[in-house]
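Here is the structure we will look at, set down as structure tokens.
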């Protein structure tokens, strides 16, 4: 029932965006482009986007086919009944909302098993009110972040299993799926194994937690690699599970299984086994993939791309780079829940005490990861739900005993702030007068609605197919609504084309013309009202994009009529 109410509210709030397919993030658009290519016949193991940097053969994406499966299934099932377009729209709604239901169910199950029915209900409420969680699980949000949350919750549910062997295998399988979807899960996967290692050291009879988990991680990872990547692609990548990662998992499984055979053994033997496992893993990475140890998938970015693209992808930046309201949403709820989990560990006995201590470690670790990579905050927020629900129940009981209205109102306000930590900051911001611009009139606001590329789809379809030079933020939508190619999108494996895009944007128009002519680019498209074009104009006031933003179109461009009020401006590059 709670899930149905939340779904209804999300549909009502997002209906305008759904009807116009205004995706929350360019990655969701690229995911749909990838799914369309798969349905159109592109190979299962072929993750190349051939219309991105087509001049150099396309860009291989680092995403997993696992996330494509539910989208393809919904589209395939519904297409015979409602047509391809309606089936696609339905998938954009159904898949994220089903993911949300799974998340609410798994989080509530933790509270129901360990705390009670009332806490389970409150857990669902906490999830439903978490803005970071809802952003990753709302309609049109079809990228992989929602499934990462599901994997984290499955792993935590595995920690509650009555059988250590079964629980270990559930945890390992959940982590294998998580890492197959995104290697961003590696820090928390390591933390889970740290917790399982502590269980082994505390009680030698619980070694099966660790053994089952590492065996499951190794086996399931190998199977998933074979099913989603195949044996034709054995290159080493830092941004996706590669053979070197599989070797690390298998190494860990072999070493720890052998160590377990020596039980009962002195603690020093077990610690030596742990050290051998970790040291061997690091050694394998240093030998086979030193670039991954040095800096990972982003280490090879050109300084220009790192400065003007990567540093502006705020969701991947630390929490102190976010706005105050965003930082509060990511930090306050998990912090309160961490204190609650520690209190639960202190009040509990036997295995419950151990569970809540382990839970506090995992929650604290997820919060720490979120501090340095903000988009990981959704995992921290959803893990915060069960202990926060227990804390809320205690607060609500205390409030019921208050006789005076003023303390009761103050306490209720405090509860609301715990559930919606950004609310006070939003109220304060709305009450404060707008800051005067130092240069006179303030800049015009930047609105996504000012650039509706989809409204130009018909006009784009009438043009001869070619490559479009367009900023990162609108390039995926151009791919979605047309058959044209683009120079680059904001995906780091295409960093060489990304560098070309940035160099062209910042160069004088004559140099930009030479670079585009060398590629054979056919069109130029921008939305002058959007932030990316404005940023380029600010960085290089005499640059190519700055001239377009100011309406100073060079004579080697001729305008292309774009229908409607899309905000998109487009030109054809005149042949020399």
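Numbering (this note's numbering), first residue to last: 116 to 691. Where a beta carbon is used, it is the ideal one built from N, C-alpha and C, also for glycine.
- Residue pairing by DSSP puts residue 686 in a beta bridge opposite 639 and 674.
- A Cβ-Cβ contact shorter than 8 Å links residue 367 with residue 396.
- Between the C-alpha atoms of residue 447 and residue 482 there is a straight-line separation of about 10 Å.
- The residue among 263, 210, 416 and 640 with its C-alpha nearest the C-alpha of residue 497 is 263.
- Under the DSSP definition of a beta bridge, residue 296 lacks any partner.
- A straight line joining the alpha-carbon of residue 142 with that of residue 182 spans about 13 Å.
- DSSP, read as helix, strand or coil, puts residue 584 in strand.
- Counting C-beta pairs closer than 8 Å gives fewer than three between the segment 201-219 and the segment 415-435, which falls short of the contact rule.
- Assignment of beta-bridge partners to residue 175 by DSSP yields 163.
- Closest in C-alpha terms to residue 157, from the list 387, 187, 602 and 128, comes 187.
- Of all alpha-carbon atoms in 625, 658, 682 and 490, the one lying nearest the alpha-carbon of residue 258 is that of 490.
- When 636, 617, 628 and 621 are compared, the shortest CA-CA separation from residue 599 is found for 636.
- Around the beta-carbon of residue 122, 16 or more other beta-carbon atoms lie within 10 Å, marking it buried.
- If you draw a 10 Å sphere on the C-beta of residue 357, you find 16 or more other C-beta atoms in it, and that means buried.
- In terms of Cα proximity to residue 209, the closest of 160, 118, 241 and 682 is 118.
- Distance check between residue 533 and each of 192, 232, 176 and 241 places 241 closest, using alpha-carbon atoms only.
- Per the DSSP secondary-structure output, residue 601 pairs in a beta bridge with 167 and 583.
- If the five residues before and after residue 415 are omitted, its C-beta is found closer than 6 Å to no C-beta atom of its own chain.
- Per the coordinates, the alpha-carbon of residue 591 lies some 38 Å from the alpha-carbon of residue 308.
- Residue 145 counts as buried, since at least 16 other C-beta atoms from the protein chains shown sit within 10 angstroms of its C-beta.
- The Cβ atoms of residue 621 and residue 655 lie closer than 8 Å to each other.
- Selection 201, 294, 315 and 484 evaluated against residue 431 yields 484 as nearest (Cα-Cα).
- Contact check for residue 300 against residue 290 passes: the beta carbons are separated by less than 8 Å.
- Residue 269 has its alpha-carbon roughly 24 Å from the corresponding atom of residue 316.
- In the three-state DSSP reduction, residue 516 falls in the coil class, being neither helix nor strand.
- With contacts defined as CB atoms closer than 8 Å, residue 503 and residue 530 fail to qualify as a contacting pair.
- When C-alpha distances from residue 154 are compared across 125, 509, 436 and 190, the shortest belongs to 190.
- Per DSSP, residue 360 is one residue of the alpha helix (DSSP H) stretching across 358-376.
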